[in-house]
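**Q**
In my numbering, the protein residues as written are 97 to 188.
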């Protein structure tokens, strides 16, 4: 079952220091804009977001219907459909 892309969004104190840190582990900038204090970095299929001053805590990000390259999947399971099926089962 393909749902979409999951990534970790990290609340960082310094966008450039964080970029350099993750580059040491093989991550490369994939998107974003450092001048706006956010970057998306990728290492293989692993995606992280670096966000300076945008939110207080780290969080899991979910992009339904996307792959790890931010491209629309041809087919995916909509989580709302899964929710509907699960609710229907619990009523039976």
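A virtual CB, placed ideally from N, CA and C, is assigned to each residue, including glycine.
Note that the structure is a prediction, hence the values are computed from the model and not measured.
Go through the region 99-167 residue by residue and report every complete run of the beta strand (DSSP E) that reaches 3 residues or more, in order.
**A** Segments of the beta strand (DSSP E) lying fully in the region 99-167: 100-108, 124-129, 134-139, 142-148 and 155-160.
**Q** Less than 6 Å between C-beta atoms, sequence neighbours within five positions excluded: which residues of the same chain meet that for residue 127?
**A** For this step, residue 127 is matched to residue 31 along the chain shown. Within the same chain, residue 127 has close Cβ partners 136.
**Q** Along the chain, where does the alpha helix (DSSP H) that runs through residue 182 open and close?
**A** Within the chain shown, numbered from 1, the residue matching residue 182 stands at position 86. Where residue 182 is concerned, the enclosing alpha helix (DSSP H) stretches over 175-187.
**Q** Given a cut-off of 7 Å on the beta-carbon distance, is the pair residue 157 and residue 103 in contact?
**A** The residue labelled residue 157 in the question sits at position 61 within the chain shown. The residue labelled residue 103 in the question sits at position 7 within the chain shown. Yes. Within cutoff.
**Q** Take the Cβ of residue 122 as the centre, count every other Cβ of all protein chains shown within 10 Å, and call the residue buried at 16 or more, exposed below.
**A** Here residue 122 is taken as the residue at index 26 of the chain shown, counted from 1. With fewer than 16 Cβ atoms within 10 Å of its Cβ, residue 122 is classed as exposed.
**Q** Given a threshold of 16 other Cβ atoms within 10 Å of its Cβ, counted over all protein chains shown, does residue 178 qualify as buried or as exposed?
**A** For the purposes of this step, residue 178 is taken as the residue at position 82 of the chain shown. Exposed, because fewer than 16 other Cβ atoms sit within 10 Å of the Cβ of residue 178.
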